[in-house]
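Q:
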Amino acid sequence: MNALQLRPASAADLAFARDLTRSTMLGYYIRNDLLWLDEAFDVAWAGRENLLICQADEVLGYVSLSRDLRALYIRELHVQQAWRGRGVGAWTLARLLERARQEHLGLLRLTVFKGNPAQRLYQRMGLKVVGEEECFWRMERPTVAGADPG
Numbered sequence: 001m002n003a004l005q006l007r008p009a010s011a012a013d014l015a016f017a018r019d020l021t022r023s024t025m026l027g028y029y030i031r032n033d034l035l036w037l038d039e040a041f042d043v044a045w046a047g048r049e050n051l052l053i054c055q056a057d058e059v060l061g062y063v064s065l066s067r068d069l070r071a072l073y074i075r076e077l078h079v080q081q082a083w084r085g086r087g088v089g090a091w092t093l094a095r096l097l098e099r100a101r102q103e104h105l106g107l108l109r110l111t112v113f114k115g116n117p118a119q120r121l122y123q124r125m126g127l128k129v130v131g132e133e134e135c136f137w138r139m140e141r142p143t144v145a146g147a148d149p150g
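Residue 1 is where the sequence shown starts when you use UniProt numbering, and the numbers rise one by one after that.
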């Protein structure tokens, strides 16, 4: 795979990210009787660090991040259909794990819908289920080998 990169998203990328997220997640929202609101997505986008996953000039997907004193949180990670299963997600997770280490954050965390096949990727990348809600699994991974996630 040619060199992938993460680059900051701009306000002009909001529609792309919203449309990709809606197309990827709407089925989960419907199955779990949740309401998708474009406006809620837009508000969340404005309060997060958003990065595009690119190969040369092509945008393959994006990731949306937030932080607290302990963890880097992956709030959204979406890859366009044509690029799924080709290592883009694993590459992105590896970069985010390294970023969390560089920022001296002890955990990489995310929430995933139960039944989402991406959970297998997250598990392969070392994230473990640490909690659950009605339709979500909470997953995390220490950023330093051998660290205690508790």
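Backbone N, C-alpha and C define an ideal beta-carbon position, used for all residues, glycine too.
#1: Can you give the Cα-Cα distance for P149 and A71, rounded to whole angstroms?
#2: Which residue from F136, H104, R86 puts its Cα closest to that of Q119?
#3: Quick one: grab the DSSP three-state call for S66.
#4: With DSSP run on the structure shown, which of helix, strand or coil describes P149?
#5: Our contact map puts R141 next to G131 with C-beta atoms below 8 Å; I'd like the distance itself, whole angstroms only.
A: The answer reads as follows:
#1: With a pLDDT of 45 at P149, under the threshold of 50, the modelled position of this residue cannot be trusted, and the question is left open.
#2: F136
#3: strand
#4: For P149, the predicted structure reports a pLDDT of 45, less than 50, and the residue's modelled location is therefore unreliable. The matter cannot be settled from this model.
#5: Wrong, their Cβ atoms sit about 14 Å apart, outside the cutoff.
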